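Numbering-wise (my numbering), the sequence shown opens with residue 11 and increments by one.
Cβ coordinates follow ideal geometry from the N, Cα and C atoms, glycine included.
Predicted model only: the values in this text are computed from it and were never measured.
Working notes, beginning with the structure itself.
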Amino acid sequence: MIAANRRVVLLEYVSVADRIAVFGVRADWEQPQVVVLDVDRLDLSLFVAANFDSHRSVRDLADMPELWHAYDLLVQPLASWSDPGDIICLVPYGPLHSLPLHALRVGEAYLIERNPVTYVPSVSALQHSLTARPGAALEAPRRTAFFGDSQRNLPHAAAEAAMLGDLFGVEAYLGEKVTRQSVGQALATVDVVHIAGHARFDPVDPLESGLQLAGGDVLTASDIFGMPRVQASLVTLSGCETGVSHYQPGDELIGLTRAFLYARAASVLVSLWSVADDSTSFFMRRFYEHLMHTPGVAKVDALQAAILDTMEVPTWRSLHHWAPFVMVGDWR
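See the structure below:
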């Protein structure tokens with residue numbers, strides 16, 4: 011639930027010559043605030059390529075804290091532009107789309123510890139997701155569908171979907187039941203759709219990126235762009251690299267996330283890199299428990315709470331375990 015006195019602060023990043031301009035927007039400001047940061051775009055691009063290349067393993071950020079936190083300045087404007095607890099909506103550009111900006115620090119705390127955070131690929135995409143439907147908030151999710159392990163080779167994905175189905179009192183779709191028809195019907199009729207399994211990103215043709223279904227079928231981004239209106243307020247893609255996209259000239263993202271937003275899903279929960287099975291299962295359970303048991307909770311608050319729960323487990327304090335999960339679109 012979004013309290014009446016809680017603000018939404020939007021940060022949009024724009025490349026200006028060899029620097030980055032950060033625009034801040036708040037409803038109570040008469041005009042946007044602007045800060046120009048001395049961040050070299052080439053250095054940033056090389057950093058992302060070396061450490062967040064989705065086609066290899068992402069380096070453990072805990073092993074390079076000085077290098078990683080040198081980019082804390084990207085979120086420092088929030089120290090004066092927001093209060094703890096305000097909702098932060100980040101609009102990255104270029105290589106910033108690949109970074110977990112919520113895992114940078116504002117003062118002594120990670121941004122995600124200080125504020126709930128959502129992302130959008132562009133301001134126009136934000137407007138699109140906010141108007142997806144009047145009832146985009148999940149005050150009491152009732153209609154749910156959970157899919158897992160379409161290829162029968164990911165037992166953790168099957169266990170995750172079955173566990174979440176039990177949590178909501180519904181039977182999960184597993185293995186050969188994860189079909190184009192069953193997934194499509196769920197997207198068109200229920201509030202929450204959760205798909206645990208293989209996803210693939212095609213860097214040559216991003217529209218061919220997709221979710222692997224039963225029988226070797228693939229639900230591609232191109233297929234999703236052509237779907238009838240998606241009714242789901244939340245689509246969760248629990249797998250490796252489900253949030254990876256390709257940005258084109260004009261900074262337009264192409265991939266699964268953009269496809270679901272275009273098809274009118276209000277928000278999408280995805281991962282930025284290959285994730286660990288045990289910590290992912292724990293994170294997902296806590297996320298949905300917060301959605302179920304906290305009356306009127308906003309999706310972005312449930313996400314923040316689940317990340318903080320995961321961070322508290324001693325063996326999962328590394329950013330590798332909790333930082334890849336991001337919500338894109340409507341935070342309500």
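The DSSP-derived three-state label of Val-58 is helix.
At a Cβ-Cβ threshold of 8 angstroms, Val-44 and Phe-33 count as neighbours.
Around the beta-carbon of Pro-102, 16 or more other beta-carbon atoms lie within 10 Å, marking it buried.
With the rule of 3 Cβ pairs closer than 8 angstroms, the stretch 47-62 does not count as touching the stretch 300-317.
In this chain, the beta strand (DSSP E) harbouring Thr-230 covers 228-230. Looking from the CA of Phe-292, the closest CA among Ser-277, Gly-225, Ala-315 belongs to Ala-315. By the criterion of a C-beta distance shorter than 7 angstroms, Val-85 is surrounded in its chain by Leu-111, Leu-114, Val-116, Leu-121, once the five residues flanking it on both sides are discounted.
Per DSSP, reduced to three states, the secondary structure at Thr-141 is coil, with no helix or strand assignment. Taking C-beta atoms as the reference points, Leu-318 and Glu-123 count as a pair closer than 8 angstroms. Per DSSP, reduced to three states, the secondary structure at Val-245 is strand. Here the stretch 215-235 makes no contact with the stretch 168-176; the two share fewer than three CB pairs at distances below 8 angstroms.
Sequence-distant partners of Val-46 (beyond 5 residues in either direction) whose C-beta falls short of 6 angstroms from its own C-beta, in its chain, are Arg-29, Ala-31. Where Val-336 is concerned, the enclosing beta strand (DSSP E) starts and stops at 335-339.
By the neighbour-count criterion, in which 16 or more other beta carbons inside 10 Å mark a residue as buried, Ala-242 falls on the buried side. Assigned with DSSP and collapsed to three states, Arg-296 falls in helix. Distance from the Cα of Arg-342 is smallest, within the candidate group Leu-100, Phe-335, Val-310, Trp-332, for Val-310.
Counting of Cβ neighbours within 10 angstroms places Ser-139 among the buried residues, the total reaching 16 or more. Going by DSSP, Phe-156 is part of the beta strand (DSSP E) stretching over 154-158. With three or more CB-CB distances shorter than 8 angstroms, the stretch 150-162 counts as touching the stretch 198-209. The C-beta distance from Arg-295 to Ala-273 rounds to 27 angstroms, too long to meet the 8 angstroms contact threshold. A direct Cα-Cα distance of roughly 7 angstroms separates Leu-21 from Val-35. Within a 10 Å sphere around the beta-carbon of Asn-15 sit fewer than 16 other beta-carbons, which makes this residue exposed. Taken in chain order, the unbroken stretches of beta strand (DSSP E) that lie wholly in the stretch 25-49 and span 3 residues or more are 29-35, 43-47. In the three-state DSSP reduction, His-204 falls in the strand class (E or B). Between Leu-247 and Val-280, the C-beta gap is smaller than 8 angstroms, which places the two residues in contact. For Glu-76, the secondary structure class from DSSP, reduced to helix, strand or coil, is helix.
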